[in-house]
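With my numbering as the guide, the letters of the sequence shown map in order to residues 2 to 430. First the structure, in the form of structure tokens, and then the observations on it.
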Amino acid sequence: MPDSVNPAIDTTEEDALIALARQVMPAGGFGNVSHTVIVARGRECRVWDVAGREYVDYLLGSGPMIVGHAHPEVLAVTQACVAEGTTFFANNPYGIRLAAEIVDAMPAVEQVRFVSSGSEADMYAMRLMRAFAGKDKILKFEGGYHGMSDYGLISTTPKRASNFPEGVADSAGIPRSVQQEMLVAPYNDLATVAALIKEHRHELAGIIVEPFQRLIPPEPGFLEGLRQLAMENDIVLCFDEVVTGFRFAYGGAQAYYGVTPDICTMGKAIGGGFPLAAIGGRADIMAHFDKAAVGEDRFMTQIGTLSGNPVAAAAGLKTLEILKRPGGYKHMFAQGQALIDGYKASMQKHGVAAQIVGDAPMFDIVFNQNKVRDYRSCMGDPALAAKYNAGMRKRGILKSESKHYMALAHTDADIEQTLRAFDATMAEL
Ligand SMILES: Cc1ncc(COP(=O)(O)O)c(C=O)c1O
């Protein structure tokens, strides 16, 4: 473990900290991953918990740490920034340069509006589509995650199968009226999308889609088909690139798959580990954030205390600079592919009835043998998945319950250790 301002504690103190968390926070934590892991620090692609246990990290803060934890260049610029004041609620040079870099990189983006989280970005993107189109309904895909807003949480992890296009609210507290404003289709099913557009064209403002939905790649022609249908029917197309932006390629999934939406959302990588996200897109659509451009009635009001925060923008800008260097994506894809190939070989060796779903920068094991193309076909055996995740954690591999995120900083030693842990876990399963 690196030297730290936060030295390791013993397991009794660790248990006390877990108990304190249970007492002062509902469900004992922040609501994210298991509350029994308390992470103290990270460096490159390793993290250490408060008791000093070391993990190879594929959680990566749920994606932002794509150049690795505590990257010295990101640290240097953010530490210098912090010393000059941490937030101003006014334009700052880092935020302006970050917006310019995003415009340069992402094919769909002519202008950018910063917010603090991907949830916020998606909520505003849906509102922006409604403001631009002057219509109320949004089409989304079952299993697609677009943040925690009332609209975002329709049919993201539905517990019952609805009849498309009816959506299911994934959370208590979502008004029924919101449910009625969302149309839900199966991912990779252009025929259903076309039929829904035909029926609802007069009230449909836009389509929001993860171009690579959780672990599920788009089938050839799916994104192109959405692009075509949206264009022919005057519907706005939004790619949620909170995960895929600057990860699948420097220009995001829109560059990787060669399909340009009208608007998109971004988060995670662009904040370099700090709270920052964005909506970007065509200037005539983004104009709704500008009262002088669209007038009082069509103006979309939007402010946020920490939007475009200078420390976050500086971290994001440096992260993008590092990502842009030659060889970075090639290395990250090669490391991801090495894990995928090794996992497949190990599953075959142990006769595990499962499959790897995803692509090199983001993938996981799914415990079923379906042809995976949408939410329902991607649902695996939850008991086996829980055993697998526990087995990996026990062997020093930290990941989310449902995916591996790859980073520039994953080394050959990380990959070898992970393959050994996976093989031992498969043997146990
Ligand atoms: C595709 C997608 N959109 C939106 C979000 C929400 O982002 P945030 O957690 O920053 O609110 C996430 C978060 O994982 C995401 O994966």
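For each residue, glycine too, the CB sits at the ideal point set by N, CA and C.
Alpha carbon to alpha carbon, how far is residue i from residue j?
i: residue 85; j: residue 76; result: 15 angstroms
i: residue 109; j: residue 23; result: 44 angstroms
i: residue 126; j: residue 119; result: 10 angstroms
i: residue 323; j: residue 68; result: 7 angstroms
i: residue 419; j: residue 430; result: 16 angstroms
i: residue 52; j: residue 25; result: 21 angstroms
i: residue 333; j: residue 416; result: 11 angstroms
i: residue 414; j: residue 47; result: 11 angstroms
i: residue 79; j: residue 65; result: 15 angstroms
i: residue 392; j: residue 386; result: 10 angstroms
i: residue 250; j: residue 199; result: 34 angstroms
i: residue 1; j: residue 388; result: Summary: the structure shown does not reach residue 1, with the chain confined to residues 2 through 430, and so no result is reported for it.
i: residue 421; j: residue 102; result: 40 angstroms
i: residue 83; j: residue 353; result: 50 angstroms
i: residue 221; j: residue 95; result: 38 angstroms
i: residue 17; j: residue 37; result: 11 angstroms
i: residue 229; j: residue 296; result: 30 angstroms
i: residue 161; j: residue 312; result: 43 angstroms
i: residue 409; j: residue 326; result: 11 angstroms
i: residue 31; j: residue 21; result: 13 angstroms
i: residue 176; j: residue 89; result: 36 angstroms
i: residue 50; j: residue 19; result: 12 angstroms
Counting along the chain, where does the alpha helix (DSSP H) carrying residue i start and finish?
i: residue 413; result: 413-429
i: residue 56; result: Premise fails: residue 56 lies in the beta strand (DSSP E), 55-58, not in any alpha helix (DSSP H).
i: residue 232; result: 223-233
i: residue 99; result: 94-106
i: residue 198; result: 191-201
i: residue 253; result: 253-258
i: residue 181; result: 177-182
Is residue i near residue j, with beta carbons less than 8 angstroms apart?
i: residue 70; j: residue 44; result: yes
i: residue 304; j: residue 286; result: no
i: residue 122; j: residue 271; result: no
i: residue 308; j: residue 40; result: no
i: residue 267; j: residue 252; result: no
i: residue 329; j: residue 55; result: no
i: residue 217; j: residue 375; result: yes
i: residue 300; j: residue 337; result: no
i: residue 210; j: residue 227; result: yes
i: residue 113; j: residue 155; result: no
i: residue 183; j: residue 236; result: no
i: residue 219; j: residue 240; result: no
i: residue 223; j: residue 191; result: yes
How is the beta strand (DSSP E) around residue i delimited, first residue to last?
i: residue 112; result: 112-116
i: residue 241; result: 237-242
i: residue 6; result: Looking at the DSSP string, residue 6 is not in any beta strand (DSSP E), and its letter there is neither H nor E.
i: residue 278; result: 278-282
i: residue 266; result: 264-267
i: residue 207; result: 205-210
Ligand 1 heavy atoms versus the CB of residue i: any closer than 7 angstroms?
i: residue 146; result: yes
i: residue 194; result: no
i: residue 171; result: no
i: residue 278; result: yes
i: residue 55; result: no
i: residue 123; result: yes
i: residue 211; result: yes
i: residue 308; result: no
i: residue 268; result: yes
i: residue 118; result: yes
i: residue 156; result: no
i: residue 401; result: no
i: residue 63; result: yes
Within the present structure, is the beta-carbon of residue i separated from the nearest heavy atom of ligand 2 by less than 7 angstroms?
i: residue 243; result: With respect to small molecules bound, the structure shown includes ligand 1 and not ligand 2.
Between residue i and chain C, is there a C-beta pair that is closer than 8 angstroms?
i: residue 123; result: Looking at the structure shown, chain C is missing, and only one protein chain is on hand.
**Study point:** Complete runs of the beta strand (DSSP E) confined to the stretch 339-405 [at least 3 residues]
**Key:** 356-360, 363-367
Point to revise | Start-end ranges of the alpha helix (DSSP H) lying completely within the stretch 287-319, minimum 4 residues | key: 292-295
Check your understanding: What alpha helix (DSSP H) runs, 4 residues minimum, are completely inside the stretch 9-90?
Key -> 12-25, 73-83
Practice item. At 3 residues or longer, and completely inside the stretch 135-171: list those beta strand (DSSP E) runs for me, N to C. Key: 138-142
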